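For reference, the structure is listed below as structure tokens.
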Amino acid sequence: MRRWLHSHYLLFLLLISFVSGAIIFINGFSYYTSSFEKRPLQREHEALKPSGKVGHGLGIIGTSMIIIGVASYSSRKRLKMLSTAGNIKDWLNIHIFLCLTGPILILFHTTFKFSGIAGASLWSMLSVVLSGITGRYIYIQIPKGLKGNELTAIELEEMRREIQGKIIKEFKELNSDILNAIDKIITFKKPTKESTLSVILSLLVDDLIGRRKKFSRLKKLLKSYGLKHKDLKNLVKLEEQRYLIMRRIILLDTLRQIFKYWHVIHLPFTIIMFILLTVHVLVAFILGYLWIF
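Residue numbers (the working numbering): 106 to 398.
Printed below as a string of structure tokens:
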């Protein structure tokens, strides 16, 4: 149970993010859904407007979460003194949580107004979030060891052979014809064009549609051979592992190259976001918007 919780705690953190956003939206539903002209007439306006106690507070908390999320993860990656401070994957998960929840809170701080310096800062922030989600998807496609180190093609091939050997050993009733039929079903074709967009799209299509169809066909095939339910379940699980490893071997070099390109793009977006954010905060201070202080 503890192991399951550890492996799924990012989903739990993301659930907290979306639930928090949902609670804020529900509580201020009539205000956020009304026209900008009518909002000053509503009783929630003084609290929820960008300079109000709640609205301003959401902006401060959201900004703080982004700063902490970026600074902590960046420090863990770059400072030698923090190189042994926990698993890099856990730091990344916290970074994702803070840098997703922060923008959600800031979005409510703006009351969905996208003009001026604040609007430019918001658009740059949303670009960083979108870039971050894309980067996270690419990152999880690159196989890693228990300590977060990237695995080589040789190590992946050893893992594939180990699973293949386990299948042959545990399911001796599967003859060569069945094994060949399985291989034909669970194949992954490398995109003819190795552009960043085509590779990411092929992975998305495979994750959302292709893989599901392949393993649905595989289950039908195995049932036709009279495999018991428990054995079928175990075999499909092993074949899923083998399939993902084969897919990663095929795209390993391409994904690593794409991830390097992503870093080049993501960093400028982040810098621009912080510059605009700093300008926005300074203007707010100059105009006397100091929240509760």
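Just so you know, even glycine gets a beta-carbon here, dropped at the ideal spot from N, CA and C. No experiment lies behind these values; they were computed from the predicted model shown.
Problem set entry | Beta bridge counterpart(s) of lysine 249 as assigned by DSSP | Answer by DSSP bridge pairing, in chain order: Glu255.
Exercise. Going along the chain, which residues of its own chain have a beta-carbon closer than 8 angstroms to the beta-carbon of serine 226, five neighbours each way excluded?
Worked result: For serine 226, same chain residues with a beta-carbon under 8 angstroms away, outside a window of 5 residues either side, are Met378, Leu381, Leu382, Val384 and His385 in chain order.
Exercise. Could you give the C-beta distance for methionine 170 and leucine 203, rounded to a whole number, given that I count them as a contact under 8 angstroms?
Worked result: About 4 angstroms separates the two Cβ atoms, so the contact holds.
Problem set entry | Rounded C-alpha distance that separates isoleucine 305 from lysine 365 | Cα-Cα distance, rounded: 14 angstroms.
Exercise. Hey, tyrosine 137 and phenylalanine 219: beta-carbon distance below 8 angstroms or not?
Worked result: no
Exercise. How is isoleucine 291 classed by DSSP in three states: helix, strand or coil?
Worked result: coil
For this session: Assess, as a yes-or-no matter, whether the segment 190-205 is touched by the segment 231-245 under the definition of 3 or more beta carbon pairs within less than 8 angstroms.
Result: These segments touch.
Problem set entry | DSSP state of asparagine 339 mapped onto helix, strand, coil | Helix.
Exercise. In whole angstroms, what is the alpha-carbon distance linking methionine 106 and lysine 342?
Worked result: With a pLDDT of only 47 at methionine 106, under 50, the local geometry of the prediction cannot be trusted, and the value read off the model is given with reservation. Distance between the alpha carbons of methionine 106 and lysine 342 is about 19 angstroms.
Exercise. Do serine 236 and phenylalanine 134 have their C-beta atoms closer together than 8 angstroms?
Worked result: For serine 236 and phenylalanine 134, no; Cβs fall outside 8 angstroms.
Problem set entry | Proximal residues to glutamate 299 (C-beta, below 6 angstroms), its chain only, five neighbours per side dropped | Thr359
Problem set entry | Test item: CB-CB of isoleucine 131 and arginine 265 under 8 angstroms | Result no, Cβ atoms of isoleucine 131 and arginine 265 do not sit closer than 8 angstroms.
Exercise. Between the segment 319-328 and the segment 280-295, do at least 3 Cβ pairs fall closer than 8 angstroms?
Worked result: yes
Exercise. When DSSP labels each residue in this structure, what does methionine 106 get in the three-state scheme?
Worked result: Summary for methionine 106: the model assigns pLDDT 47, below 50, so the residue's position carries little reliability, and this model does not support an answer.
Exercise. Does DSSP classify asparagine 192 as helix, strand or coil?
Worked result: coil
Exercise. Does DSSP put threonine 297 in a helix, a strand or coil?
Worked result: In the three-state DSSP reduction, threonine 297 falls in the coil class, being neither helix nor strand.
For this session: In angstroms with no decimal places, state the Cα-to-Cα distance between phenylalanine 213 and arginine 144.
Result: 14 angstroms
Exercise. How many whole angstroms separate the CB atoms of isoleucine 209 and serine 140, which I take to be in contact at a CB cut-off of 8 angstroms?
Worked result: About 23 angstroms; that fails the 8 angstroms criterion.
Exercise. Is the Cβ-Cβ distance between arginine 347 and isoleucine 268 less than 8 angstroms?
Worked result: yes
Problem set entry | Delimiting residues of the alpha helix (DSSP H) encompassing lysine 277 | Segment: none, lysine 277 is in no alpha helix (DSSP H) and carries neither H nor E.
Exercise. Which whole-angstrom value describes the C-beta separation of leucine 115 and isoleucine 201, a residue pair presumed to lie in contact below a C-beta threshold of 8 angstroms?
Worked result: 7 angstroms
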